[in-house]
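Residue numbers (this note's numbering), protein chains in the order written: chain X, 442 to 882; chain F, 442 to 882. Glycine residues also receive a C-beta, built at the ideal position from the N, C-alpha and C atoms. What follows is a set of notes on a single structure, which appears directly below.
Listed below in structure tokens is the structure:
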């Protein structure tokens, strides 16, 4: 397409593309916008190396003129986007790119991939946080994420939504997060006995250890942990907790709490892991399980119940004229846009860029960004994440509870402005030509 | 754990870990083994740079002795594995690593991540192939895969299972695959009219083009494509096909076929895309839709109905002694293993390594591999993939149809050998110690 646009002399015509989520997955009434910092970093770094161009020449048949154009192309456009950590809803543009047509078109796959993954995972992580009601959450997902790349991003968005730590050491180092992990069953099975395994572990482990107590028989494992807690106390140290990774976590956590309390170890915490997600955390806490922290892995790491979003990147304006497509079920709204939020999450309004706010106090969500300048992700990923996290905390506190429900959440009101309605509402006739369908500039 | 093993003087004790899938996801009766070449490449490249070690020292508190050990550690063990492209079933080891304990333990997350992703995606791709019954399949998934890494791997395993091409140009170049793509709706909406967009596109496109006909009104789009086909024919060129990306694909593909045939264009193919997966392809073909090829995207790229596998990497032998864990629902089988396949997929037998085959003609699935030597992935990913693809073709032809069914597939018989049963069957008492639970060497 870019080659065709160049051949037609239209590669440099100004075009606006809008990235939004067409429909929310089942059980979701909101999304957490994420991935913008990486998207901006990608825009700032957009270029084709000599090797890339040689590869393209080998894989497909292109005019030399196009290959030359690729060699020099950079992102020279403008971006308006919703800052990371904000709550957004279906059909609201997350990101709008205004750039030379061929450039904006070439960015489609890259921008969609980055924003879709992180927004999917951040939303899942926020749901886990809602279910955990203030208990500690740790990201345990790296071993089964869809690739190493996804493993880094899930650690990032977990931190963004308030997780305490990650088991991904590389992500902890890259994003400045606390790293966390505990022993595995293999460590226990490799020792002469469970108590010897515990003793060896706490000897080498410098912090306050957490002991995995379900390798063979959980009640015995808890008793062994109690014995270790006493040995540690005698040495002036502290057992942080025990971890349960299998079985009936309600019954086993109660048993563990009873025995620990009975031994005077009321400050030893109970951690749970193994096949958890927001639904299971909610069920466990609803059943009164005395669990203080959750290690959440695979179902979070792949967003198992909704592993993707219907994200799209659509041309909405070209050469100053709003455009749209009318494909059944996939129609788009023409023109560059702004999203206004009424105070207190009282409803959003999607309008045309430049329209007045729907009421005084309404806040515009899309903010002008300069790739490379506003994006500090490439130079300081820790600082970018810290800003996004503060933004999320403020949004999360304000978002009314009914929208956060795990099942059958209350829908949120998103209207179209009168200006956008007027632009979109023109009658569609079968057999119309594109020209007839064009909205006036 | 590795630091604790080193402090105990057990880092170098020989240990065997077994990687297998505990249970198959719903609707799956088989899996396609994939990811081995990348796993072997990772083993061959296993090391910690000076920077990695400095990072670890910063993130956590380790003894200098352990950090020194990390600086020199390499993979020095042995690997037995099921070659890529073979069909496997639940509980069958895909990969067994025999290495110094601390080394084998450190590899867990990396090996699980690589093998889980590619096996998940290869299985999904094989199901799409089954549904397509010989029609052309193209991987369209990159824009919504869970990261760029996953986007490369899905293109790879699609080729492994018989897809014709991928829209991921980087993967096409890296793995030596045909690259494929067509125009997007944005290209059409940016032109004065649909027919002008088609005309411009075929002028710049050097091959046989495929035209996207559903941007505004599909019947009109088909008529425009017919007109272009005639113009191309007059210039000695050929229209490869039309693509439908929305609406009622059964009705629209029939309409397209009727009009194309009516115009004498029986050799112009019909491609479909938009929210497809194996279930939808099966439904379309079952309803008699005259579709010649499918572009399969998001649902394939994230394996939407089963985005992960219950893959585990378990210690099964240490210092020559078989070990197991007994956690409820997560018990493991002790000892190093071999999997035997009876001829004609008549059943598999999981046995102890070194046991005799269950019958003459039974084939061992796990093969000794040397990381770096057998793995040509790092040096020639194209050749490694070609070998895996030939292996898959042979397996796929032999696998009986009932196991391939998309819904309620027939289960496949996997037995334990008498030797493995004897080793595993020892009674478990509550409160036993690890020593009592140990199987005899």
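Less than 8 Å divides the Cβ of residue 446 (chain F) from the Cβ of residue 542 (chain F). Within its own chain, the residues whose Cβ lies closer than 8 Å to the Cβ of residue 778 (chain X), once the five positions on either side in sequence are excluded, are 459, 534, 537, 757, 791, 792, 793, 794, 807 and 861, listed in chain order. For residue 845 (chain X), same chain residues with a beta-carbon under 7 Å away, outside a window of 5 residues either side, are 571 in chain order. For residue 691 (chain X), the enclosing alpha helix (DSSP H) begins and ends at 690-703. Closer than 8 Å to the CB of residue 624 (chain X) there is at least one CB belonging to chain F.
At the C-beta level, residue 829 (chain F) and residue 525 (chain F) come within 8 Å of one another. Residue ranges of uninterrupted beta strand (DSSP E) with 3 or more members, entirely inside the stretch 568-629 of chain X and ordered along the chain, are 577-580. Ranked by Cα distance from residue 653 (chain F), the options F:647, F:638 and F:645 are led by F:638. Checking the DSSP bridge columns, you'll see residue 779 (chain X) partnered with X:792. Just so you know, the alpha carbons of residue 696 (chain X) and residue 714 (chain X) end up roughly 16 Å apart. In the three-state scheme derived from DSSP, where H, G and I count as helix and E and B as strand, residue 784 (chain X) is classed as coil. Out of F:478, F:492, F:549 and F:625, the CA that lies nearest to the CA of residue 765 (chain X) is found in F:625.
The C-beta of residue 800 (chain X) has fewer than 16 other C-beta atoms within 10 Å across all chains shown, which makes the residue exposed. Rounded to the nearest angstrom, the Cβ distance from residue 463 (chain X) to residue 531 (chain X) is 7 Å, consistent with a contact under 8 Å. The secondary-structure analysis by DSSP pairs residue 809 (chain X) across a beta bridge with X:521. Measuring C-alpha to C-alpha distances from residue 622 (chain F) to each of F:580, F:635 and F:825 identifies F:580 as the nearest. By the CB criterion at 8 Å, residue 709 (chain X) and residue 680 (chain X) fall inside the cutoff. Residue-level contact check: residue 822 (chain X) does not touch chain F, since none of the beta carbons of chain F fall below 8 Å from its beta carbon. When the five nearest sequence neighbours on each side are left out, the beta carbons in the same chain lying within less than 7 Å of the beta carbon of residue 749 (chain F) are those of 557 and 561, in order along the chain. Remark: C-beta atoms of residue 577 (chain F) and residue 702 (chain F) do not approach each other more closely than 8 Å. Per DSSP, reduced to three states, the secondary structure at residue 754 (chain F) is strand.
Under DSSP, residue 682 (chain X) forms a beta bridge with X:651 and X:710. Sixteen is the threshold: since fewer than 16 other Cβ atoms of the shown chains lie within 10 Å of the Cβ of residue 835 (chain F), the residue is exposed. In terms of Cβ geometry, residue 520 (chain X) and residue 544 (chain X) do not form a close pair [threshold 8 Å]. Within the same chain, Cβ atoms closer than 7 Å to the Cβ of residue 798 (chain F) are found at 781, the five residues on either side in sequence being excluded.
When DSSP reads this structure, residue 457 (chain X) sits in a beta bridge with X:539 and X:758. From the beta-carbon of residue 520 (chain F), no residue of chain X is found nearer than 7 Å; the closest lies around 17 Å away.
In the DSSP annotation of this structure, the continuous segment of the beta strand (DSSP E) that includes residue 856 (chain X) starts and ends at 855-857.
Residue contact check for residue 668 (chain X) against chain F: no CB pair falls below 8 Å. In the assembly as shown, residue 785 (chain F) is an exposed residue. Its beta-carbon has fewer than 16 other beta-carbons within 10 Å.
Note: residue 763 (chain F) is bridge-paired with F:758 in the DSSP secondary-structure output. If you check the CB distance, residue 620 (chain F) and residue 593 (chain F) do not come in under 8 Å. The alpha carbon of residue 809 (chain F) has as its nearest neighbour, out of F:522, F:468 and F:717, the alpha carbon of F:522. Interface with chain F (8 Å Cβ-Cβ cutoff): residue 472 (chain X) is excluded.
Out of F:489, F:666 and F:501, the CA that lies nearest to the CA of residue 511 (chain F) is found in F:489. DSSP places residue 473 (chain X) within a strand segment (E or B) once states are collapsed to three.
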